[in-house]
Structure formats: structure tokens, C-alpha cells
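Asks:
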Amino acid sequence: MRLKKFFTLGAITLTMSALMSSASLAQASKEYSVSTVLGNTYPWGQTAEKWAELVTERSEGRIMLKVYPNAQLVSGDQTKEFSAMRSGLIDMAVGSTINWSPQVPEVNLFSLPFLMPDNAAVDAITQGEVGQMVFDAIAKRGVVPLAWGENGFREISNSKHAITKPEDLRGLKIRVVGSPLFLDTFNALGANPTQMSWADALPALTTGAVDGQENPLSVFSAARADRASQKHLTLWHYMNDPLIFGVSERVWKTFSTEDQELLKQAAYDAGQWGIQKSRTDLESTLADIRERGVEVTELTAEQHKAFVDATQSVYDKWTSRIGKELVEKAQKAIEER
Ligand code: X2X
């Protein structure tokens, strides 16, 4: 009798502990949403997937990141991503400075036309004091920034003719995204800019509702913009679009210090992986674009300067909005690179 009771109790205890351990396992393995605009056929989406992979591996499956591309968590409205993350609707994102600029005026720094002439200039900003100031501005607004990635230098394309001078942009309908700064840049160049999301951009180019667009070569190529009548491409490197790995502060606070460090280190590693990849792949991407019959225009130093001069008014208007100190420090870091 006693023995039977003992065994029954033992069985109950065993069952209960099995139940408890599976419950704590479920609790321990948690999934978080990561928003991106571009999916894994683009370096941007691949960078986010890399982050997810590293986090799963290093946390031994306790922390799972699920990437939601095409800004689907904000119904395609990519400029709402930051607000959604701040309010906790989105846990994390690998986002572009352009798309976050409506909520974080300081990140318009990267959209200032012709501020960063080359990769060394980009690194001089992101890896130094200026990058930290930008991160502080983001952190102040409810998102914890972890690391940098890269969408790349943005080049201009259109369906009408080669662009070698500002006058060639006159009257062209150009799709732009994000901050009103883009309207100022393209208006200064005499173009006719229209703001729309990436989801709407390709159809608009295909139907001819707009004539041109600006995006990094990797995006131009993977999106097959050549099939959307984009037959003329000018390499003017007018801005570089860094990516930032961010976590909603509300979500961030729920992680232990060790897991915060794990997420941050994995973001850094994935960011570096993505930056290297997008920079090394550039040559072959350009070769593919040329092979598809796109006319690629490279500017002489003199031609380039005409675009720089034509967009100076953007600095006059935007320096105070971004922060004079930030802009000046960025210019100094670039000069000294
Ligand atoms: O919409 C764009 O042009 C894109 C995909 O490059 C960004 O999200 C900034």
C-alpha cells in the first residue's frame, strides 16, 4: 500500500517536472520580429538573415529572430518602421537611415548630397565620434542602436536619356523615398521628384508613371530595374545609405546583460559581413547591369562638381535641422580620413 503510494507520487513528480521543463524551454526560446525593407535576394535582407542565424547559433536556440521583409509589418510603409519599433509593434529592425529620417532628424546627415565621396568617408563617419552621436540621437527616441550595415552608394537611373549634367534631370519624374530632404535635392537639380514607397516604385517605373529612381547598384540589379525601362544609369555616388541594427527599447530591457551583449556582437558581425560583401560584389554587379544593355555613365571630376555645386542649397536649409555640430564634425572627419 505504502509502496504503491510512493510510486504514484513518484510518477506524478516526474510528469510534473517534465511538464515544467518543457514549459521553461518554451519560455526560454522566444521569437522576435525583425523588420527590413528588402528581402534575402538583396544584401540588405541577407544581412538581417545573417544576424538571425548568428543569434540562434550563439544562444543555442533560446533567442530566435524572424525576418519580415518588404516592410510588411508596417503594410509596406517603410517610413513608419521606426515609430512601430519605438512603440513595440516591431521588436527589432535592420533599417535604413533614409527610412528612419522622418522620426530622427539627425540621420538626414547621410542623405546630404555628395557629403561622402567614398567608402573611407562612410567609415570615417559611422565608425567614429559622429556615428556615436547619431546612435545617441536614435537611443534618445526609444530605439537601441547596435551596429552599422550598408545599403550602399545610391546611383541615379532613368528611362529617357543619359545624365551627365544637372540640366539632364530637368523635368524628369524621379521616385524618391523618405525625408523631405530628397525633394529639396531633386528640386535643386530641376527634376520633378515624387515620394513613394519601394513597394510602389517598381510598378510606377514599369508603367512609366515615373521616369527614374535612385538606389544602390545591388538593388538596381536584384530588382531587375532594367526590365522596368531603366536603361540609363549614372554613377554619381551622391549619397550612401547605411543600415542600422536597432531594437525597441521596451524589448531591449527584457534581455539579460549577457543576451544584450550577444545580440550586439552578432549585429556587429552580421553588419561587417554585409558591408564587406556589398563592397566586394560591386564590380560584378556592375558588369551584370552592363551586360543587360543598361548604358552606364561615369562622370568626370568636372561633371561631378556641377552636381555638387547645384545642390549646395540643401546644406543651407538642412544643416540646422540635422544639427550644425553634427554636420561640421562629419565634414571634418571626412577631410581627415
Ligand atoms: O526604398 C528604397 O529606395 C530603399 C529600398 O532603398 C530603401 O528602403 C531606402
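Numbering (the working numbering), first residue to last: 6 to 342. Ideal Cβ positions, reconstructed from N, Cα and C, are used throughout, including at glycine. Only a predicted model underlies this, so the values are computations on that prediction, with no experimental measurement involved.
Indicate whether Phe-396 and Val-72 have their beta-carbon atoms separated by less than 8 Å.
Replies: Absent from the model: residue 396. The displayed extent of the chain is 6 to 342, so no value can be given.
Asks: Give me the Cβ distance between Ser-5 and Gly-81, rounded to the nearest whole Å; I'm assuming they're in contact under 8 Å.
Replies: Shown here, the chain extends from 6 to 342; a query on residue 5 therefore has no answer.
Asks: Ser-38 and Asp-5 - do their beta-carbons sit closer together than 8 Å?
Replies: Residue coverage of the chain in this structure runs from 6 to 342, which leaves residue 5 outside it and unanswerable.
Asks: Relative to the ligand X2X, is the shortest distance from any of its heavy atoms to the C-beta of Trp-203 smaller than 7 Å?
Replies: Correct: Trp-203 has its Cβ closer than 7 Å to the ligand X2X.
Asks: Quick test of your reading: Leu-177 and Ile-294, contact by CB under 8 Å. State the CB separation rounded to the nearest angstrom.
Replies: That belief does not hold up - the Cβ atoms of Leu-177 and Ile-294 are roughly 20 Å apart, past 8 Å.
Asks: Under DSSP, the beta strand (DSSP E) around Ile-168 begins and ends at which residues?
Replies: From DSSP, Ile-168 is part of no beta strand (DSSP E); its letter is neither H nor E.
Asks: Are three or more beta carbon pairs between the stretch 183 to 197 and the stretch 259 to 278 nearer than 8 Å?
Replies: No, because fewer than three Cβ pairs between the stretch 183 to 197 and the stretch 259 to 278 fall closer than 8 Å, the two stretches do not touch.
Asks: In the DSSP assignment, find the unbroken beta strand (DSSP E) run with Phe-250 in it and report its ends.
Replies: Looking at the DSSP string, the run of the beta strand (DSSP E) that includes Phe-250 is 237 to 253.
Asks: Could you check how far apart the C-beta atoms of Glu-357 and Val-149 are, in whole angstroms? I think they sit under 8 Å.
Replies: The requested residue 357 is not part of the displayed model; the chain covers only 6 to 342.
Asks: Please specify which runs of the beta strand (DSSP E), each continuous and at least 3 residues long, are wholly inside the stretch 158 to 230, giving them in chain order.
Replies: The stretch 158 to 230 contains these whole beta strand (DSSP E) runs: 178 to 181, 197 to 200 and 217 to 221.
Asks: So which of Gly-66, Ala-129, Leu-70 and Val-182 has the shortest CA-CA distance to Thr-102?
Replies: Considering only alpha carbons, the answer is Val-182.
Asks: What does Ile-103 pair with, by DSSP beta-bridge criteria?
Replies: In the DSSP output, where bridge partners are listed per residue, Ile-103 has none listed.
Asks: Is the stretch 116 to 124 touching the stretch 198 to 214, taking contact as three or more C-beta pairs under 8 Å?
Replies: Flag = no, the stretch 116 to 124 and the stretch 198 to 214 do not touch.
Asks: Which residues in the same chain have their Cβ closer than 8 Å to the Cβ of Lys-329, if we skip the five residues on either side of it in sequence?
Replies: For Lys-329, where only same-chain residues beyond five positions count, there are no Cβ hits under 8 Å.
Asks: Leaving out five residues before and five after Met-4 in sequence, what residues of the same chain have Cβ atoms less than 8 Å from its Cβ?
Replies: Residue 4 lies beyond the range of the chain shown here (6 to 342); nothing can be said about it.
Asks: Closest by CA to Ala-189, which one among Val-79, Trp-323 and Gln-277?
Replies: Note that residue 189 is Asp in the sequence shown here, rather than Ala. Per the Cα distances, Trp-323.
Asks: With a cut-off of 6 Å, give the chain-ordered residues whose Cβ is closer than this to any heavy atom of the ligand X2X.
Replies: Going by the Cβ distance cut-off, the answer is Val-42, Leu-43, Gln-83, Ser-101, Ile-103, Asn-104, Asn-156, Val-182, Trp-203, Asn-220, Val-224 and Asp-246.
Asks: At which residues does the alpha helix (DSSP H) containing Leu-59 begin and terminate?
Replies: Segment 48 to 63, the alpha helix (DSSP H) holding Leu-59.
Asks: Closer than 7 Å: is that where the CB of Ala-98 sits relative to any heavy atom of the ligand FAD?
Replies: The ligand FAD is absent from the structure shown, which contains only the ligand X2X.
Asks: Below 8 Å on the Cβ atoms is my contact criterion, and I expect Glu-105 with Pro-247 to pass it. Report the Cβ-Cβ distance as a whole number of Å.
Replies: Reading off the sequence shown, one finds Trp at residue 105, where the question assumed Glu. Actually they are not in contact, since the Cβ atoms of Trp-105 and Pro-247 sit about 11 Å apart, beyond 8 Å.
Asks: Compare the C-beta of Ile-249 against all C-beta atoms of chain B and say whether one is closer than 8 Å.
Replies: Absent from the structure: chain B. Only one protein chain is present.
Asks: Could you check where the beta strand (DSSP E) with Val-72 kicks off and where it finishes?
Replies: Val-72 -> beta strand (DSSP E) spans 68 to 73.
Asks: Since Tyr-37 sits in a beta bridge, which residues does DSSP pair it with?
Replies: Beta-bridge pairing links Tyr-37 to Leu-70.
Asks: Going along the chain, which unbroken runs of the beta strand (DSSP E) with 3 or more residues stay wholly within the stretch 81 to 139?
Replies: The stretch 81 to 139 contains these whole beta strand (DSSP E) runs: 97 to 101.
Asks: Taking the continuous beta strand (DSSP E) assigned at Thr-290, which residues delimit it?
Replies: It is not in any beta strand (DSSP E) - Thr-290 instead sits in the alpha helix (DSSP H) that spans 287 to 296.
Asks: With a Cβ-Cβ cutoff of 8 Å, do His-237 and Ile-168 count as a contact?
Replies: Cβ distance < 8 Å, so His-237 and Ile-168 count as in contact.
Asks: What residues are listed by DSSP as bridge partners for Gly-154?
Replies: In DSSP, Gly-154 forms a bridge with Leu-248.
Asks: Within 10 angstroms of its Cβ, does Ala-306 collect 16 or more other Cβ (buried), or is it exposed?
Replies: By the 10 Å Cβ count, Ala-306 comes out exposed.
Asks: Indicate the three-state DSSP secondary structure (helix, strand or coil) for Glu-330 in the structure shown.
Replies: Reduced to three states, the DSSP call for Glu-330 is helix.
Asks: Could you check which residue in Ala-335, Gln-51, Ala-233 and Gly-44 has the C-alpha nearest to that of Gly-276?
Replies: Ranking the options by Cα distance to Gly-276, first place goes to Gln-51.
Asks: Which residues bound the alpha helix (DSSP H) around Val-313?
Replies: Run containing Val-313: 306 to 315, per the alpha helix (DSSP H) assignment.
Asks: Apart from the five residues just before and just after Gly-93, which ones in its own chain have a Cβ nearer than 7 Å to its Cβ?
Replies: Ser-253, Arg-255 and Val-256, listed in sequence order.
Asks: Quick one: using the 10 Å Cβ neighbour count with 16 as the cut-off for buried, is Ser-289 buried or exposed?
Replies: So Ser-289 ends up on the exposed side.
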